[in-house]
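Quick notes on the structure that follows.
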Amino acid sequence: MHLTIPQLPQTSSYTCVFLELDWSSPVSFWYFGAICKTPDFSKLGLSLGTEGFRTVTLALNSTETGKLFVTKSFTFYNCSNFHSCTVCTNSSFGCDWCVYDNGCFDETGTCQPSIIRGKSSIKPGRHGPQHCPQIDTKMTDDIFLAAGVKKTILLKGYNIPEVQAKFRNYECVIDLGTQKITTVARRHDDKSLTCDIPAVWPLSGPIQGGTNVTIEGRNLGSKFEDIERAVTIANVGCTPFRSLYSPSKRIVCQTKWRGQVADGPVIVRLEKAMSQYHTNFHYKSPRIEDIEPKYGPKSGGSRITIKGRDMDTGGHHEASFGNAPCVVIRSHVTNHSIECITSKVWHAEPKNPIKVFFDGKEYTLNRFFLYKEDPTITRIAPLESILEGGRILTVTGTEFLAVEQPKMFAYVPTLSGEYYPTNTTICQVMNNNVMKCPTPPLADSLKNIIRSKRAEQTDRKLSPVKTVQLGFIMDGVMAVRNLSSVPNLDHGLRYYPNPRVYNFTESSGIKILKGDALIIEGADLNIAAEKSEVTVMIGTAPCNVTTFSQSQIVCKLPSSQPQSVASASGEKDRKSLPYVKVKINNLEFIVGRVEYDVPETFTFPSEAIAGIAAGGGFLLLVIVLILIIYRRQSTKAERIYRKLQIQLDNLESNVRNECKQAFAELQTDMTDLTGDLVSSGIPFWDFHSYIFKVLFPGMTDHIILHPPIQKNGRFQFSDHGLQLFHQLLSKKLFITTFIRTLEEQRAFSIRDRANVASLLMIVYLNNMEYATEILKCLLVDLVHKSVEGRHPKLMLRRSESVVEKLLTNWLSICLYKYLRDYAGASLFMLYKAIKLQAEKGPVDAVTGDARYSLSEDTLLREKIEPRFITLNVESGGEIVQVRILDCDTITQAKEKILDHIYKNIPFSQRPNIRDLELEWRNGPTGPLMLTDIDIASYNKDGWRRLNTLSFYRVHDGAYMTLLHRQQTVKYINGSLDNSVLSIGSVSPILKKDQDSGFKEWHL
1 MHLTIPQLPQ TSSYTCVFLE LDWSSPVSFW YFGAICKTPD FSKLGLSLGT EGFRTVTLAL
61 NSTETGKLFV TKSFTFYNCS NFHSCTVCTN SSFGCDWCVY DNGCFDETGT CQPSIIRGKS
121 SIKPGRHGPQ HCPQIDTKMT DDIFLAAGVK KTILLKGYNI PEVQAKFRNY ECVIDLGTQK
181 ITTVARRHDD KSLTCDIPAV WPLSGPIQGG TNVTIEGRNL GSKFEDIERA VTIANVGCTP
241 FRSLYSPSKR IVCQTKWRGQ VADGPVIVRL EKAMSQYHTN FHYKSPRIED IEPKYGPKSG
301 GSRITIKGRD MDTGGHHEAS FGNAPCVVIR SHVTNHSIEC ITSKVWHAEP KNPIKVFFDG
361 KEYTLNRFFL YKEDPTITRI APLESILEGG RILTVTGTEF LAVEQPKMFA YVPTLSGEYY
421 PTNTTICQVM NNNVMKCPTP PLADSLKNII RSKRAEQTDR KLSPVKTVQL GFIMDGVMAV
481 RNLSSVPNLD HGLRYYPNPR VYNFTESSGI KILKGDALII EGADLNIAAE KSEVTVMIGT
541 APCNVTTFSQ SQIVCKLPSS QPQSVASASG EKDRKSLPYV KVKINNLEFI VGRVEYDVPE
601 TFTFPSEAIA GIAAGGGFLL LVIVLILIIY RRQSTKAERI YRKLQIQLDN LESNVRNECK
661 QAFAELQTDM TDLTGDLVSS GIPFWDFHSY IFKVLFPGMT DHIILHPPIQ KNGRFQFSDH
721 GLQLFHQLLS KKLFITTFIR TLEEQRAFSI RDRANVASLL MIVYLNNMEY ATEILKCLLV
781 DLVHKSVEGR HPKLMLRRSE SVVEKLLTNW LSICLYKYLR DYAGASLFML YKAIKLQAEK
841 GPVDAVTGDA RYSLSEDTLL REKIEPRFIT LNVESGGEIV QVRILDCDTI TQAKEKILDH
901 IYKNIPFSQR PNIRDLELEW RNGPTGPLML TDIDIASYNK DGWRRLNTLS FYRVHDGAYM
961 TLLHRQQTVK YINGSLDNSV LSIGSVSPIL KKDQDSGFKE WHL
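Next up, the structure:
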């Protein structure tokens, strides 16, 4: 490929890079620019898809600067991907259609005569899709054929070519489901074809009779009495059906008992005429010989092949195993087999005999089909994979051998909350409890990628690109297709980005090997793969992997240089150097070629040996051999020593740095914590407030806290009625019946149950002994009901009944004294200690991940080096100093300031953080109001970062003021934003960004 690039400096070296393919080739020069080669799609294993072409970006890369320049679109195409004449000749590429070769070609030198050129072709001939042979569906009406009707149909079209002498005539193929019938077609001209459809169907049946045969033609009697005894099939009468008879056109009759295998003509005899069909009818005796497989799950869905002889006898087939039907697949009925799908049964047990009904006549085989218990899944590991898929998962469960071919797939979530399934992968069953399943690919990726090495961080921890839910197809077992209902089973598969393997950095792409190990560099190698899943091939020989890390693969070289792989002709190319191929799951990388550095063997010339004395020559040879062996051993030992020394130095340095960092980060200053608790004390709710918050969580007021409303000096309800109801509540039988009756009401919601339980506990607050008896009685009923149900283990887990809510309230009331006197202080100390420890390091304001988190799931893995700054904050006329991290958001900074100022005041008495603003008094342009989001916030690709103190460049010792929200706010750009005060609220509502499409992030 010659590239015209004016003024291209030819003193530098370049490579042509196809960006979307991640493929490059070296550049040579010509007078007007550069020359480079295009990739061979067939060798790379790439596909152009159904469209037949692919447009990529071609760019020139400077090896000195590592930058891309001079980009241009480049299109690859393959004419053989166009499978019809219309698509081939209508494409914008130079593709032509060879009519008698029935294919699309770029070069038509070997084609038969009659070529239709593409519309963009400059070669002489017919151009465009209007010259293609076609059947015109608009000119040809819909064709309706009754079973067994002899009919000639006309197919209209245009450009229908003549048949050459060396080709057979045209054929029409009629697919009847159970078989295909081929008949001769006749070409009338270049615009029409005709096909003849046979008139009798079916042409076989069981020897016991019972087959309904349809005969169609002309002059088949004028009334039913004319043909009542007119039809014979193989010399046996055939009884017509009066209801299905169509005078003169159609006879439908049922064959009689024949008793033995025979064949003969279909004859219709009327008074003065007789007609015989040209194809004989066959009486057959089908024989069932075997079934395969002989077992399946009790949920059915297994595809069973019933083998035998003359299995396509008759026109209607049914099958069953004992009393369990097996649905016949009509399109898979042949002379030697019938395929059917098993139905569901209630119990796992053997069924016999095997029955097949040919036109209602039963044929049996005294064999068993075993219905087994349905397979179950109990464990899946590992649950990480690369996007390309191919990682082998070990699936543990039961009854895997009951399924002939298990398959695995994944439900992929979409942004709309829906799920779509991936393609299935075939699982290999190891035994009845274990099977191996490869993960399905999530995206089309390249299997052979050569990448240029570039500097990047390799110690970062990648996050999963997508988390999917696994499912399995095991015949008709629906429980394994959606595993969300299986308790204690983690079936979420996390997909990570594909690993990258870099090609050799040598300019020629050939690496000279001097040691016994090959080091291949890359990135993200072991994120979702292990050493056993990596294969390195050098030509035809394997290179055993010894070390597998995130950025390196180290393998032990074969003792001698391997041969290269077979060439396209199938012969070994011994002159070329072997390629190094790395395979990780479904991904394959070709990283370059290698050459062993084999020292030249030193030999003495025969002339010199002849001239040297025998003794001296022998002595000299011994000395030379000793020197060569000594040099080799010393060089090898020195190389091994240097390699080990470098590895030990790196390991020691890494361990030293990690220990220092861990020791510094894990120090916790408990002096401040204990001092604050001694001075402020531990806050406890009084008993009445505690009870109200337990019984009515999230509420600040309730009707029970207020006296009854009076109207005209009287209460709106009867005191006498309340007294009677209170007496009824003291009756054990009434209260239990009352609760059961309420729970049987469909409109009685979970919130209503909670309210009833809370109100009853208030009534019984002064009589806890009676409340305990009522609770015990109701718990006994709940236990019996749970044991009789399907899931007894779920009792007391959901709190969906009144008794479960009563139990919760009863326990909370009884625990109050213990919490206040014993456990409450320790829990509060633990909370304060965890909060102090977590806030010593960076905390992500969006996800909640923290560097000093106690949970690995919420660990902040990004490498962030925060800086402590001390702010002088004025609040209420006093100035206090607060230590804050420069990576904190404005809201996080306000929270830490409130914790410092109000540390000795209960949290409920603090001002709301949304009602406060943080003002930088000595900002760069004067007083500046700091907010998490303003017009200067960093936005990119739909993501918006929350503002931090470092974003505003707040320095150590800055003066801040904590203010209540004002009517006008000044932002970093100096503009004034008027806020609106909502009706009935004392806090202003600031106007939000109108672009609601942004997603926020912090660290």
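Heads up, the sequence shown stops at 1003 in our numbering, and the numbers go up one at a time, no gaps.
A virtual CB, placed ideally from N, CA and C, is assigned to each residue, including glycine.
This one's a predicted model, so the numbers in the text were calculated from it and none came from an experiment.
Per DSSP, reduced to three states, the secondary structure at D196 is strand.
About 28 Å separates the beta carbon of F409 from that of V501, a gap too long to meet the 8 Å contact definition. Put simply, the backbone Cα of A825 is about 7 Å away from that of I682. For M537, the enclosing beta strand (DSSP E) covers residues V534 to I538.
Contact between Y170 and L154 is absent: CB atoms are separated by about 13 Å, not below the 8 Å threshold.
For P350, the secondary structure class from DSSP, reduced to helix, strand or coil, is strand. If the five residues before and after D524 are omitted, its C-beta is found closer than 7 Å to the C-beta atoms of L462, P497, P499, R500 and Q550, all from its own chain and listed in chain order. Looking at the DSSP output, E318 shares a beta bridge with F357. Judged by DSSP secondary structure, D781 falls outside any beta strand (DSSP E) and instead within the alpha helix (DSSP H) spanning M768 to E788. Per DSSP, Y690 is not a residue of any beta strand (DSSP E); the alpha helix (DSSP H) it occupies stretches across F687 to L695.
Under the three-state reduction of DSSP, I933 is assigned to coil, being neither helix nor strand. A residue is called buried once 16 or more other Cβ atoms fall within 10 Å of its Cβ, and R639, having fewer, is exposed. Per DSSP, reduced to three states, the secondary structure at K840 is coil, with no helix or strand assignment.
Here the C-alpha atom of I901 lies approximately 14 Å from the C-alpha atom of I884. Taking the Cα positions, L742 is about 21 Å away from R797. The straight-line gap separating the alpha-carbon atoms of P240 and G210 is approximately 12 Å.
When DSSP reads this structure, Q881 sits in a beta bridge with N872. Uninterrupted beta strand (DSSP E) stretches at least 3 residues long and entirely within the stretch 492–520 occur at 492–496 and 510–513, given in chain order.
DSSP places E743 inside the alpha helix (DSSP H), whose first and last residues are K732 to E743. Between G322 and K351, the beta carbon gap of about 3 Å places them in contact (Cβ cut-off 8 Å).
T279 sits away from V213, with the two beta carbons spaced by 8 Å or more. Taking 8 Å as the cut-off, the beta carbon of I291 is found closer than this to the beta carbon of T305.
Your pair Y14 and T63 checks out as a contact, with CB atoms roughly 7 Å apart and the cut at 8 Å.
From the listed residues L819, I628, N767 and K436, the smallest Cα separation to F684 is found for L819.
In this structure, the straight-line span from the alpha carbon of D475 to that of M311 is close to 24 Å. Under DSSP, the beta-bridge partners assigned to T239 are Q254. M274 sits exposed, since fewer than 16 C-beta atoms from the chains shown fall within 10 Å of its C-beta. The C-alpha of D857 lies about 18 Å from the C-alpha of I864. Each of I426, A517 and A528 was checked against the Cα of P464, and the nearest Cα belongs to A528. Per DSSP, reduced to three states, the secondary structure at M829 is helical. The beta-bridge partner set that DSSP reports for N90 is empty. In the three-state scheme derived from DSSP, where H, G and I count as helix and E and B as strand, H188 is classed as strand.
A distance below 8 Å separates the beta carbons of P440 and G389.
Closest in C-alpha terms to I553, from the list L577, V582, Q561 and Q563, comes V582. It is roughly 7 Å from the alpha-carbon of P293 to the alpha-carbon of E404. L946 and K903 have their C-alpha atoms spaced approximately 27 Å apart.
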